[in-house]
Amino acid sequence: MTDANAADPTEIRVDDFLPHPPAVVWRALTTPELLAQWLMPNDFAPVVGHHFTFRSAPIEATRFSGVTACEVLELREPELLVISWADASPENDMRTTVTFRLVAHDGGTRLSLVQAGFRADHQNDQLARKIMGGGWGGHLFRRLGEILDEGADVSPSSKP
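Okay, here's the thing in structure tokens:
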């Protein structure tokens, strides 16, 4: 897995290999119940323009309210998902986009994530980038792999 806190202070980049086909990984990225198992509880729908939220514990140090307001910006099954990512609270003005790219590779999937739009000169954005980079590159992608390995209902034939 590549380093989530690369040299560019405006983004997080994570790249990993999952030994599952893209259609299976795609389902884990686009099914609300599966997303909740490895990321956060949500009301996601795989439809461009759909507004949804992720919910988790607030993080006072970054002024994170615990509610992430998102919108599906782009969707190309099973290769690309782009969402907006912002705190739902007006107290936190950080706005980013999260891009998931899936590429078939060696019988599995090369999964790349880029979260972009962090302000390089903004202390709160940089603290949030550090925390989120550790999450994406640490336990979140690991948990996604575990969900897939456990055989959660990720069969592409049972679409959301």
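Here the UniProt record's numbering is used: the first residue of the sequence shown is 1, the next is one more, and so on. For each residue, glycine too, the CB sits at the ideal point set by N, CA and C.
In the DSSP assignment, find the unbroken alpha helix (DSSP H) run with residue i in it and report its ends.
i, result
"D149", "141-149"
"A28", "22-30"
Taking 7 Å as the CB-CB limit, is residue i close to chain B?
i, result
"G133", "Although the question refers to chain B, the structure presented lacks it and comprises just one protein chain."
Residue i and residue j look like a contact to me (Cβ under 8 Å); what is the Cβ gap, rounded to whole Å?
i, j, result
"V24", "L148", "7 Å"
"A128", "T30", "Contact flag wrong, Cβ pair sits at about 25 Å."
"G46", "L75", "For the record, residue 46 in the displayed sequence is Pro; it is not Gly. 6 Å between Cβ atoms; contact."
In this structure, how does DSSP classify residue i when only helix, strand and coil are distinguished?
i, result
"N124", "helix"
"A61", "helix"
"L39", "coil"
"G107", "coil"
"K159", "Low confidence applies here, because K159 scores a pLDDT of 48, under 50, leaving its location unreliable; read the following figure in that light. The answer is coil: DSSP assigns K159 none of H, G, I, E or B."
"R119", "coil"
"A86", "strand"
May I ask you to list the residues that DSSP assigns as paired with residue i?
i, result
"H51", "E71"
"F100", "L81, L113"
"R76", "L80"
With respect to the beta strand (DSSP E) encompassing residue i, which residues constitute its N-terminal and C-terminal limits?
i, result
"E11", "11-18"
Touching or not, the stretch 133-143 and the stretch 53-73, by the rule of three or more beta carbon pairs under 8 Å? no
Would you call the stretch 83-90 in contact with the stretch 101-110, where contact means no fewer than 3 C-beta pairs closer than 8 Å? no
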